[in-house]
Amino acid sequence: MSSAVSPASRTVLVTGATSGIGWETARLLAERGDTVIVHAPGQASGDDAVARLVAAGVDTLRLRLVVADFSRLDEVRAMAARVAEEHPALDVLVNNAAVAAPERHTVTADGNEISFQVNFLAAYLLTHELSGPLSARPGSRVVNVSSSMHRTASISWNDPQRAKRYSRLAAYAQSQLALTIFTREQAPWTSVSVHPGVCDTGLLSLYAHEGDSALQGAQRVVRLCDPAIALVPGAYYDCTALSPAAPVAMEDRTVRRLCKLADQLVAAKSA
10 MSSAVSPASR
20 TVLVTGATSG
30 IGWETARLLA
40 ERGDTVIVHA
50 PGQASGDDAV
60 ARLVAAGVDT
70 LRLRLVVADF
80 SRLDEVRAMA
90 ARVAEEHPAL
100 DVLVNNAAVA
110 APERHTVTAD
120 GNEISFQVNF
130 LAAYLLTHEL
140 SGPLSARPGS
150 RVVNVSSSMH
160 RTASISWNDP
170 QRAKRYSRLA
180 AYAQSQLALT
190 IFTREQAPWT
200 SVSVHPGVCD
210 TGLLSLYAHE
220 GDSALQGAQR
230 VVRLCDPAIA
240 LVPGAYYDCT
250 ALSPAAPVAM
260 EDRTVRRLCK
270 LADQLVAAKS
280 A
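Residue numbers (this note's numbering): 10 to 280.
The structure is reproduced here in structure tokens:
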């Protein structure tokens, strides 16, 4: 069995890896022999996630912990700098971290609606900040864990923070549409987005009363991380099937417009 890149040499960063699909994704990738950088929003939750991974049989030498609260863009930048310093080559970035938009309109310290920032802007910023490590080796991938709810969404261009008209479902769906659109930005690596299925995680209440297990969702994400699986750059996958994204997500003009907006929003507090 020959392989250009041995499993042991691959390095993968999974955001939102303390529970649900993110934790199971980290476990499956580490079991396959990857070095997995486990992202957590706080030290305590990160330590707990790593302890549970080790208890589940993962070799502790396969795991690295990084901490950043994605509701603070300065922490995203600091985390990216640490990852780039410690891992000059990154083979896969799984942008999985997500929160449900709260019932009441909530704005971060950076001035962004919280689900728009955590679910999209943080992923956008992190991906760009890690462009060096992601470009270091051929065949690198970015897997954006999106949602079928992006089909119901629209970007509120004049009020992306939805301060004037707020609905938690509309805000969450907008964040997922933005992540799906962002997937089509031109980059040296291959980016795809995936709806992992309606799964029994902390976001289940947005979709249904019951769903697949987090493990089943993670298996669909991990499949797209596998270098043996050929991917269509910029594509959207519904579970394991290549599927058309919402028409607006396929427009080059919209991709450019969204990236311009994101650049402005992530730069707003960078000083």
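All residues carry an ideal CB built from backbone N, CA and C; glycine is no exception.
Being a predicted model, the structure only gives us computed values, none of them experimental.
Query, Result
"Contact defined as beta carbons within less than 8 Å: I believe A39 pairs with A49. What is the distance between those atoms, to the nearest angstrom?", "So it is not a contact: roughly 15 Å between Cβ atoms."
"Considering only the beta carbon of each residue, do R19 and D43 sit closer than 9 Å?", "yes"
"Run through DSSP, which three-state label would D209 get?", "With a pLDDT of 48 at D209, under the threshold of 50, the predicted position of this residue should be treated as unreliable, and no value is reported."
"Nearest-angstrom Cα distance between K173 and L22?", "36 Å"
"Could you tell me the boundaries of the beta strand (DSSP E) in which H204 lies?", "199-204"
"Let's test the definition: count the other Cβ atoms within 10 Å of the Cβ of T69 and tell me whether it reaches 16, buried, or not, exposed.", "exposed"
"Under the assumption that S149 contacts D100 (Cβ atoms under 8 Å), give the Cβ distance between them as a whole number of angstroms.", "5 Å"
"Tell me which same chain residues have a C-beta within less than 7 Å of the C-beta of P242, skipping the five on either side of it?", "T199, S200"
"Comparing C-alpha positions only, which one of D168, T189, T161, L188 sits nearest to L178?", "T161"
"Is it buried or exposed for L37, if we count other Cβ within 10 angstroms and need 16 for buried?", "buried"
"If you compare alpha carbons, which of T117, A180, R193 is closest to V152?", "R193"
"Between R81 and the rest of its own chain, which residues show a CB-CB distance below 8 Å, the 5 nearest in sequence each way excluded?", "T117, A118, D119"
"When DSSP labels each residue in this structure, what does A271 get in the three-state scheme?", "helix"
"Measuring alpha carbon to alpha carbon, tell me which of A109, R86, E94, N128 ends up nearest H137.", "R86"
"Answer yes if the region 94-108 comes into contact with the region 250-260, meaning at least three C-beta pairs across the two stretches below 8 Å, and no otherwise.", "no"
"Count the other CB atoms, across all protein chains shown, that sit within 10 Å of the CB of G66; report buried if there are 16 or more and exposed otherwise.", "exposed"
"Could you tell me which uninterrupted alpha helix (DSSP H) segments, each at least 4 residues in length, are contained entirely in the region 133-193, listed from first to last along the chain?", "140-144, 177-191"
"What is the residue span of the beta strand (DSSP E) that V241 lies within?", "Premise fails: V241 is in no beta strand (DSSP E) and is neither H nor E."
"My assumption, with CB atoms under 8 Å, is that L186 sits in contact with I164. Please give the rounded CB distance.", "6 Å"
"Return the residue from the list P169, A106, L135 that minimises the CA-CA distance to G51.", "A106"
"To which residues does DSSP link L70 through a beta bridge?", "Beta-bridge pairing links L70 to no other residue."
"Using a Cβ-Cβ cutoff of less than 7 Å, which residues in the same chain neighbour T263 once the five nearest sequence positions on both sides are dropped?", "I190, V257"
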